[in-house]
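Undergrad: Residue numbers for the sequence shown follow the working numbering, so the first one is 605 and each next one is one higher.
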Amino acid sequence: MIGRIKETLTNKIFYIKERIRSHFINVWKREDGMGVVEVILITVVLIALVIIFKKQISSVVNTILSKMSNQANQV
Numbered sequence: 605m606i607g608r609i610k611e612t613l614t615n616k617i618f619y620i621k622e623r624i625r626s627h628f629i630n631v632w633k634r635e636d637g638m639g640v641v642e643v644i645l646i647t648v649v650l651i652a653l654v655i656i657f658k659k660q661i662s663s664v665v666n667t668i669l670s671k672m673s674n675q676a677n678q679v
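What follows is the structure, encoded as structure tokens:
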């Protein structure tokens, strides 16, 4: 009787281990995470560009805001 219970538990543990292993293999093979990596890389590049061209971007924004302010005062 105890041998049968031990064999059943061993089989269940083996089954659970195989399911977990199979799950991790499937997660590793899936490429869903690649989209996240691409978004992160694009974000890093955009932040780097903003840092590099900070002065030029600031001058353009200031010019646009001053023109908007002048035109709003004329109305």
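Don't be surprised by glycine CBs; every beta carbon is placed ideally from N, CA and C.
Taking the alpha helix (DSSP H) that Val679 belongs to, which residues open and close that run?
TA: Element bounds for Val679: n/a, residue is neither H nor E.
Undergrad: Mapping the DSSP letters down to three states, classify Phe657 as helix, strand or coil.
TA: Phe657: coil per DSSP, three-state reduction.
Undergrad: With H, G and I counted as helix, E and B as strand and the rest as coil, what does DSSP make of Arg608?
TA: DSSP places Arg608 in helix when its eight states are reduced to three.
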